Amino acid sequence: MQRPKGALTPALRDSIKQYKPDLLHLLESRPPTPTSNGRALPIISREGALPLSFSQERLWLLSKLDPDNHFTGNLPFAFRIKGAGCARAGADPQRHHPAPRGIQSPL
Numbered sequence: 001m002q003r004p005k006g007a008l009t010p011a012l013r014d015s016i017k018q019y020k021p022d023l024l025h026l027l028e029s030r031p032p033t034p035t036s037n038g039r040a041l042p043i044i045s046r047e048g049a050l051p052l053s054f055s056q057e058r059l060w061l062l063s064k065l066d067p068d069n070h071f072t073g074n075l076p077f078a079f080r081i082k083g084a085g086c087a088r089a090g091a092d093p094q095r096h097h098p099a100p101r102g103i104q105s106p107l
């Protein structure tokens, strides 16, 4: 986790050290964080086809309503990456994020 510089004061650091076993016990004993409706997110199998998100459904519908409009949802942009770390971070997003791996098949 990142914090603003100076957010962790010496007094707060001492308190964390003092209560570390209690804090760890509290965190380990908590159930998984529920969603806003009180239910935990289901784990979805990645073996078969996944349902489209609302945004993907919208783009699919707009492409069917106006097939000649190739700009629906198309936002071309460019950015410059500097440094080896930044280049590596952007080189393989499919490995880390499921969205770029998605393929929409016609019905």
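Residue 1 is where the sequence shown starts when you use full-length UniProt numbering, and the numbers rise one by one after that.
We put the CB at the ideal spot given by N, CA and C, even for glycine.
As the structure is a computational prediction, the values presented were derived from the model and not from experiment.
Notebook entry, point to check: Is F77 helix, strand or coil by DSSP?
Noted result: coil
Check: So, helix, strand or coil for D14, using DSSP?
Finding: helix
Check: How many Å lie between A7 and H25 at the Cα?
Finding: 24 angstroms
Notebook entry, point to check: R3 to K82, Cα distance in whole Å?
Noted result: 24 angstroms
Notebook entry, point to check: Between L50 and I43, is the Cβ-Cβ spacing less than 8 angstroms?
Noted result: Not closer than 8 angstroms, so no.
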